[in-house]
Amino acid sequence: MPACAEPGEPVIEPHTTMDDIKAAVRRYIEDNFIMGAGGAALADSDSFLEHHVLDSTGFLELIGHLEETYGIKVLDDEMVPENLDSLESVARFVANKRAA
Amino acid sequence: MLLHEHFERAAQRLAAKTALVVGEHRIGYGELHRRVRALADALRADGVQPGDRVLVMLEAGAEFAIAVHAVLRAGAVFVPVSAQTKADKLAFLAGDTRATALLTQASLVAHWRAARSQVPGPVSCRVHGGEAALEDGERPWPADDAAGSPEMAPRIDLDLAAIIYTSGTTGRPKGVMLSHLNMRSAWDSVQAYLGLREDDVIGLALPPVYSYGLYNLLMGLGLGATVVIERQAAFPLRLAQTLERERVTVFPGVPTLYAALLGVAQIERFDFGALRLLTNAAAALPLAHLERVRRLWPQARLYSMYGLTECKRVSYLPPDQLEARPGSVGRGMPNQEHWLVDDEGRRLPHGSTGELVVRGCHVMLGYWERPEETAERLRPGPLPGQTVLHTGDLFRSDAEGYLYFVARRDDIIKTRGEKVAPREVENAIYRLEGVTGCAVVGVPDELLGQAVKAYVTLAPGCTLGEREIIRHCLAHLESHMAPKSVAVVAELPRTESGKIRHASLR
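In structure tokens form, the structure reads like this:
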């Protein structure tokens, strides 16, 4: 579990699947944004923006979290809704980045 | 003249021209006008009478523009409500305005349905989009191709056009009552210095539910221009792509939006050659950003402005003064008088610091059904029988009368141009179990003007953390009201009578 990892240690095993990433990001969103406090259930393809789950500051926090957790670097030109605006797109994006 | 008459004329003159661009969608003036008429008919069919209040809770988009113009066409009063609004607040707004109708969208169903069940009076409801199963009193919007009648409710310009809610010191939002005359006067004054044109393309990344974005939308459509609504401005690259692709000529921004644009890698690779007007409000642009904006897009004139919902706009800095007075918001605008007063209400000469007072036809009629709060802001002016607006904002003026914002006079926080009442945020935080004390203040922030910060004390053994408190606030308040930071402290500074001393936390 990511929460038990020591600081600085890689927290995700290399064989992590897209579903694992999706579940972990869902947990992160639920723990840090509105979901846990009474928001409606979020489908994998629901837009974070349209469902008011994240605003511009929220996306920056999400990017920081992804970089730290998965050891990836999100380039400026990759900060687009296609890569970041739903659980599905985040999982696909992170999996592709890790495979690259 | 009524607020929506310019739009009615533009729509007839320019039926084939693109009025709105929303993502992939382009909507012409003819189509927009037809949908406005059909929705106005639907409101009448639902029993909405001239003068009735109609809540408009929609995302930025064509439907928002259609709703506002349809409400006006039906002779009713539009009350813009942020799509982020949660059920409790929506119910409060419905009750406070005694609204007879709500125009909203299916994706927000969780919030508006919960709110409707809390309101005693009948509120008819028109729901746009989606396949949500509608319940009693809920109807879909007219079909996109429905033809409406040319009927328009007769109104005069003293009638109310809008009630826009803003935070009050008591923590209860209050409704700024704006007549057609108020809004048209603000429009004319802004137009007199800004000079928007029919061939303009306005890049609107601001939310149209608040005054700044709302007027850009209304004026753009009234002038027959094209308004590009960018809903994905949280992704700065997307915003830059849109500004380039649509050849945007006018960009109304706030410091956070400019910072986001300037943060795009190699922003100079984008061709923003069409940009001719940039406006900034809510807080002053940091000097470094100001310089970069001017270097990157030298052909665009940049206006620094100041306003408040109670009268829309007060002042703009002529672009040729930017170099000499970069922190100033100028010295007023056409068809308006303003001056600074001391604590006793005495008029101050140039070179002083005091509360800004405004006189003009754009000043609101008052706060909806709040005589006491109205009397605090609208006070007798120099002419018998005439009141003037006391803004609650402290400014200093230089020897030539150019204004520089200093601070709020009360505890109200101004963040991103929006007012936030500390009490409203504190009330939300107090609902968390284990919170024993809470004080919310505004702390200086280069981009936001002020950032919301909460100081919290907890019961022994309570382990609430910053993130949980912020998340709780995001679930119960609009996102701009949620604290950016939370400090858990052992105790809060109090006065001898036990009241929390906010001033010592700022």
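Respectively, the protein sequence lines represent chains L and P. Each residue of the first sequence is one higher than the one before, starting from 619 at the first, in this note's numbering. Each residue of the second sequence is one higher than the one before, starting from 34 at the first, in this note's numbering. By construction, the Cβ of each residue, glycine as well, lies at the ideal position given by its N, Cα and C atoms. The model shown is predicted, which means the values in this text are computed figures rather than measured ones.
Val160(P): which of Ala148(P), Ala147(P) and Leu141(P) sits nearest, CA to CA?
-> Taking each of Ala148(P), Ala147(P) and Leu141(P) in turn and checking the Cα distance to Val160(P), the smallest one comes out for Leu141(P).
Inset, instruction - Measuring only between beta-carbons, confirm whether Arg149(P) sits less than 8 Å from chain L. - result: Answer no: the Cβ-Cβ gap between Arg149(P) and chain L never drops below 8 Å.
Nearest-angstrom Cα distance between Cys540(P) and Arg504(P)? What the structure shows of chain P is the stretch from 34 to 539, and residue 540(P) is not part of that stretch, so it cannot be assessed.
request  = Please classify Gly654(L): does DSSP put it in a helix, a strand, or coil?
outcome  = A caution first: Gly654(L) carries a pLDDT of 45, below 50, which makes its placement in the model unreliable, though a value can still be read off. Three-state DSSP puts Gly654(L) in a helix.
At the level of alpha carbons, what is the spacing between Thr130(P) and Gly208(P)? Between Thr130(P) and Gly208(P), the alpha-carbon positions lie close to 8 Å from each other.
Check: Where do the ends of the beta strand (DSSP E) carrying Thr289(P) lie?
Finding: It is not in any beta strand (DSSP E) - Thr289(P) instead sits in the alpha helix (DSSP H) that spans Pro288 to Leu295.
**Message:** Checking the sheet assignment: what are the DSSP bridge partners for Arg500(P)?
**Reply:** None; Arg500(P) has no bridge partner.
Just the C-alpha distance for Ala357(P) and Arg379(P), rounded to the nearest angstrom, thanks.
Taken atom to atom, the span from the alpha-carbon of Ala357(P) to that of Arg379(P) is near 29 Å.
Does the beta carbon of Phe305(P) sit closer than 8 Å to a beta carbon anywhere in chain L? Under the 8 Å criterion on CB atoms, Phe305(P) is classed as non-interfacial with respect to chain L.
Notebook entry, point to check: Starting from Gly682(L) and walking both ways along the alpha helix (DSSP H), at which residues does that stretch end?
Noted result: Ser674 to Tyr688 is the span of the alpha helix (DSSP H), which, as asked, contains Gly682(L).
- CB-CB under 6 Å to His37(P), same chain, minus the five flanking residues each way: which ones, in chain order? Counting only Cβ-Cβ distances below 6 Å, and skipping sequence neighbours, we find His102 and Leu105.
Under 7 Å between beta-carbons, which chain P residues line up against Val698(L)? List them in chain order, please. Contact of Val698(L) with chain P by beta-carbon distance below 7 Å involves Phe268, Leu270 and Arg271.
- Within 10 angstroms of its Cβ, does Thr203(P) collect 16 or more other Cβ (buried), or is it exposed? With fewer than 16 other CB atoms across the displayed protein chains lying within 10 angstroms of its CB, Thr203(P) is exposed.
TODO: Measure the alpha-carbon distance for Leu48(P) versus Arg59(P) and round it to whole angstroms.
DONE: It should be pointed out that residue 48(P) corresponds to Ala in this sequence rather than to Leu. Answer to the nearest angstrom: the Cα atoms are 13 Å apart.
Next item on the list: Please state whether DSSP places Leu167(P) in a helix, a strand or coil.
Entry: In the three-state reduction of the DSSP assignment, Leu167(P) falls in the coil class, being assigned neither a helical nor a strand state.
- Task: Tell me where the alpha helix (DSSP H) around Gln117(P) begins and ends.
- Result: Counting along the chain, Gln117(P) falls outside any alpha helix (DSSP H), and DSSP gives it neither H nor E.
Note to self: Can you find the residues in the same chain that come closer than 7 Å, C-beta to C-beta, to Gly399(P), ignoring five residues on each side of it along the sequence?
What the structure shows: Contacts found: Met210, Thr407 and Leu411.
(message) I'd like the list of long-range same chain contacts for Ser212(P), defined as Cβ closer than 7 Å, with 5 residues on each side in sequence excluded.
(response) Result list for Ser212(P): Asp190, Leu191, Asp192, Leu193, Ala194 and Leu398, in chain order.
From Gly467(P) to Gly676(L), what distance separates their C-alpha atoms? Those two C-alpha atoms are separated by around 26 Å.
- Task: Go ahead and pull the three-state DSSP assignment for Lys345(P).
- Result: Coil.
Query - In DSSP terms, what Ala484(P) is bridged to - result: Under DSSP, Ala484(P) forms a beta bridge with Val476(P).
Q.
Taking CB distances under 8 Å as the criterion, tell me whether Ala298(P) reaches chain L.
A. Judged by the 8 Å Cβ criterion, Ala298(P) is in contact with chain L.
Helix, strand or coil at Ser200(P) [DSSP, three-state]:
Ser200(P) falls in the coil class under three-state DSSP.
Legend entry - Contact check, Thr137(P) vs Met90(P), beta carbons under 8 Å: Annotated as proximal: Thr137(P) and Met90(P), with beta-carbon spacing under 8 Å.
ask   = Residues in its own chain within less than 6 Å of Ala120(P) by CB, not counting five upstream and five downstream?
value = For Ala120(P), the CB contacts under 6 Å within the same chain, skipping 5 residues up- and downstream, are His144, Ala147 and Ala148 in chain order.
- For Thr133(P), which residues of its own chain have a beta-carbon under 6 Å away from its beta-carbon, when the five flanking residues on both sides are left out? Excluding residues up to 5 positions away in sequence, Val81 and Asp85 lie with their Cβ nearer than 6 Å to the Cβ of Thr133(P) in the same chain.
For Leu507(P), would you say it is in contact with chain L, using Cβ-to-Cβ distances shorter than 8 Å as the test?
At a cut-off of 8 Å, the C-beta of Leu507(P) has a neighbouring C-beta in chain L.
How long is the line joining the alpha carbons of Arg11(P) and Val712(L), rounded to whole angstroms? Examination of residue 11(P) is not possible in this model, given that chain P is present from 34 through 539 alone.
- Which residues in chain L sit within 8 Å of Ala293(P), going by Cβ to Cβ distance? Ordered by position in chain L, the residues that pass the 8 Å Cβ test against Ala293(P) are Ser674.
### Message
Just to confirm my understanding: we take Ala655(L), look at its own chain, exclude 5 residues before and 5 after, and list those with CB closer than 8 Å. What are they?
### Response
Annotation note: pLDDT 43 at Ala655(L) (below 50); position unreliable, coordinate value reported separately. Spatial neighbours of Ala655(L) in its own chain (CB-CB distance under 8 Å, excluding positions within 5 residues in sequence) are not present.
Check: Between Gly363(P) and Asn215(P), what straight-line distance do the alpha-carbon atoms span, to the nearest angstrom?
Finding: Straight-line Cα distance between these residues: approximately 22 Å.
Practice prompt. For the alpha helix (DSSP H) holding Ser150(P), just list the boundary residues, first then last.
Written response: That run of the alpha helix (DSSP H) goes Val142 to Gln151.
8 Å is my cut-off, CB to CB: does Phe711(L) come that close to chain P? It does not: the Cβ of Phe711(L) has no partner Cβ on chain P nearer than 8 Å.
Could you compute how far the alpha carbon of Ala225(P) sits from the alpha carbon of His513(P)? Ala225(P) and His513(P) have their C-alpha atoms roughly 32 Å apart.
- Residue environment, Lys345(P), which counts as buried when at least 16 other CB atoms sit within 10 Å: By the neighbour-count definition (other C-beta atoms within 10 Å, threshold 16), Lys345(P) is a buried residue.
Beta-bridge pairing of Trp372(P) - partner residues as DSSP gives them = Beta-bridge partners assigned by DSSP to Trp372(P): Val390(P).
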